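Numbering (numbering that gives the first Met the number 0), first residue to last: 0 to 289. The next block holds one structure in the form of structure tokens; read it before the comments.
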Amino acid sequence: MKMDIDKFAVPGGRKINLKHWPTRVTPFYSSEEDYQDRLQDHVRKLSTLQELLYANNRYALLLIFQAMDAAGKDSAIKHVMSGINPQGCEVSSFKHPSAEELEHDFLWRTTCRLPERGHIGIFNRSYYEEVLIARVHPEILRGELLPEELMENKDIWKDRFQSIVDFEKLLHRNGTRVVKFFLHISKEEQKRRFLRRIDEPEKNWKFSINDIQERKFWKHYMKAYEQCLAATSTKYAPWHVIPSDDKPNGRLIISEVVVRTLKSLKMGDLKPDKARRRELLKIRKMLVRE
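Spelled out as structure tokens, the structure:
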């Protein structure tokens with residue numbers, strides 16, 4: 000079954016209404032067995048492409064995951080990247096900034112965690128929190144020690160969007176490819192997953208009273224996401240809205256996007272050119288003569 004992933008990409012510069020973006024689509028798999036086969040096929044391809052990325056050592060790949068609680072970020076990262084060599088991949092999670100981080104600009108703490116050439120970096124939440132949760136909860140912004148004139152600036156969010164766009168353009172110009180995923184879950188499905196976290200003891204640790212408190216701001220978050228996605232989805236750092244009420248289907252879409260992104264890089268293959276082959280043959284002769 001061919002996957003049309005282009006329909007999940009957000010066109011940059013246009014207003015979007017997340018009510019028009021589905022949280023569930025027709026599955027790209029016909030059964031649990033078919034899902035596992037398709038996912039494993041993607042995982043094998045990712046493993047091969049990661050090896051090529053590492054050997055080529057010219058590009059880096061940054062994957063950014065944003066979502067409401069219980070949308071499945073952790074499980075998506077776990078399943079999609081299960082075949083990746085951990086030496087060439089690092090997952091970073093960003094929660095409340097530390098005292099040191101608050102002494103710097105809002106991009107500083109994530110910049111320190113960017114992937115090096117040949118590596119894949121995964122941000123489980125990211126600098127986008129600074130235009131999402133900080134926008135929904137103004138008290139967070141007030142705690143960031145910004146100059147008073149910035150706090151009074153009505154264009155602060157527009158300015159931050161521009162800073163992010165410029166930052167991602169800088170990364171692209173230097174060989175880091177940025178791909179961003181918003182895992183789009185319905186409020187009804189979030190409720191079902193919260194109830195499972197309460198009813199199933201092994202999942203109790205995933206739930207806190209803060210999760211329920213944040214549900215009260217659902218509409219505010221949707222508005223913040225809509226403006227964020229529209230302002231920061233670009234040709235060189237696109238957003239993809241992933242229907243996430245069906246977790247397996249969402250994982251297939253994500254893995255297909257990552258595979259296609261890696262395939263689009265001009266990395267050649269691992270076969271050495273003639274000069275390198277002659278060098279290796281010379282070294283081989285030296286080893287045989289020992």
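Note that CB positions come from ideal geometry on N, CA and C, so glycine has one too. Being a predicted model, the structure only gives us computed values, none of them experimental.
Item checked: Supposed contact pair proline 242 and valine 42 - C-beta distance, whole angstroms, cut 8 Å -> Reading the sequence shown from its first residue, position 43 is the one you call residue 42. Reading the sequence shown from its first residue, position 243 is the one you call residue 242. Their Cβ separation, rounded to whole angstroms, is 21 Å, which puts valine 42 and proline 242 out of contact at 8 Å.
Notebook entry, point to check: Just curious, the beta strand (DSSP E) that phenylalanine 181 is in, first and last residue?
Noted result: Taking the first residue of the sequence shown as position 1, residue 181 is located at position 182. Per DSSP, phenylalanine 181 belongs to the beta strand (DSSP E) from 175-183.
Note to self: Rounded to the nearest angstrom, what separates lysine 77 and proline 85 at their Cα positions?
What the structure shows: One-based indexing of the sequence shown puts residue 77 at position 78. One-based indexing of the sequence shown puts residue 85 at position 86. Whole-angstrom Cα-Cα distance: 12 Å.
Next item on the list: Could you round the C-beta distance between proline 237 and valine 9 to whole angstroms and report it? I think they count as a contact, below 8 Å.
Entry: Start at 1 with the first residue of the sequence shown, and residue 237 comes out as number 238. Start at 1 with the first residue of the sequence shown, and residue 9 comes out as number 10. Sure, about 7 Å apart at Cβ, within 8 Å.
Check: Hey, would you say isoleucine 121 sits closer than 8 Å to glycine 87, going by beta carbons?
Finding: Here residue 121 is taken as the residue at index 122 of the sequence shown, counted from 1. Here residue 87 is taken as the residue at index 88 of the sequence shown, counted from 1. No. Outside cutoff.
Margin query: Under DSSP, the alpha helix (DSSP H) around histidine 41 begins and ends at which residues?
Written below: On the sequence shown, residue 41 is found 42 positions in, with the first residue counted as 1. Histidine 41 -> alpha helix (DSSP H) spans 31-55.
Check: What's the gap between the Cα of aspartate 40 and the Cα of methionine 266?
Finding: Counting from one through the sequence shown, the residue named residue 40 turns up at place 41. Counting from one through the sequence shown, the residue named residue 266 turns up at place 267. The straight-line gap from Cα to Cα measures roughly 21 Å.
Checklist line | Residue(s) in a DSSP beta bridge with cysteine 88 | finding: Here residue 88 refers to the residue found at position 89 when the sequence shown is read from its first residue. Cysteine 88 pairs with Ile119.
Check: How big is the Cα-Cα spacing for tyrosine 127 and histidine 183?
Finding: Here residue 127 refers to the residue found at position 128 when the sequence shown is read from its first residue. Here residue 183 refers to the residue found at position 184 when the sequence shown is read from its first residue. If you take the alpha carbons of tyrosine 127 and histidine 183, they lie about 15 Å apart.
Margin query: Please list the terminal residues of the continuous alpha helix (DSSP H) segment that includes phenylalanine 166.
Written below: Within the sequence shown, residue 166 is the residue found at index 167, counting from 1. Looking at the DSSP string, the run of the alpha helix (DSSP H) that includes phenylalanine 166 is 155-172.
Notebook entry, point to check: Span of the beta strand (DSSP E) holding alanine 66?
Noted result: Residue mapping note: residue 66 aligns to position 67 of the sequence shown, counting from 1. Run containing alanine 66: 59-66, per the beta strand (DSSP E) assignment.
Notebook entry, point to check: Exposed or buried, aspartate 3, counting other C-beta atoms within 10 Å across all chains shown (16 or more means buried)?
Noted result: If you number the sequence shown from 1, residue 3 lands on position 4. Classification for aspartate 3: exposed.
Check: Curious, which full-length beta strand (DSSP E) runs of at least 3 residues does the region 191-259 contain?
Finding: 238-242
Notebook entry, point to check: Quick one, which of Ser97, Gly142, His95, Glu115 has its alpha-carbon nearest tyrosine 58's?
Noted result: The count along the sequence shown starts at 1 and reaches residue 58 at position 59. Of the candidates Ser97, Gly142, His95, Glu115, the one whose C-alpha sits nearest the C-alpha of tyrosine 58 is Glu115.
Next item on the list: Could you check the C-alpha separation between asparagine 173 and arginine 288 for me, to the nearest Å?
Entry: Counting from 1 along the sequence shown, the entry for residue 173 is found at position 174. Counting from 1 along the sequence shown, the entry for residue 288 is found at position 289. Rounded to whole angstroms, asparagine 173 to arginine 288 spans 44 Å at the Cα level.
Note to self: Just to confirm the assignment, what range does the alpha helix (DSSP H) spanning leucine 280 have?
What the structure shows: Position 281 of the sequence shown holds residue 280. Its alpha helix (DSSP H) spans residues 273-288.
Next item on the list: Quick one: grab the DSSP three-state call for alanine 70.
Entry: The residue labelled residue 70 in the question sits at position 71 within the sequence shown. It is coil, neither helix nor strand.
Notebook entry, point to check: What's the call for arginine 108, buried or exposed, on a 16-neighbour Cβ count within 10 Å?
Noted result: Locating residue 108 in the sequence shown gives position 109, where the first residue counts as 1. Buried, by the Cβ-count rule.
Notebook entry, point to check: Any contact of the region 221-236 with the region 153-168, i.e. 3+ C-beta pairs under 8 Å?
Noted result: yes
Notebook entry, point to check: Assuming phenylalanine 64 contacts phenylalanine 160 under a Cβ cut-off of 8 Å, what Cβ separation, rounded to an integer in Å, is found between them?
Noted result: Translated into positions along the sequence shown, residue 64 becomes position 65. Translated into positions along the sequence shown, residue 160 becomes position 161. Not quite, the Cβ-Cβ distance comes to about 19 Å (not below 8 Å), so this is no contact.
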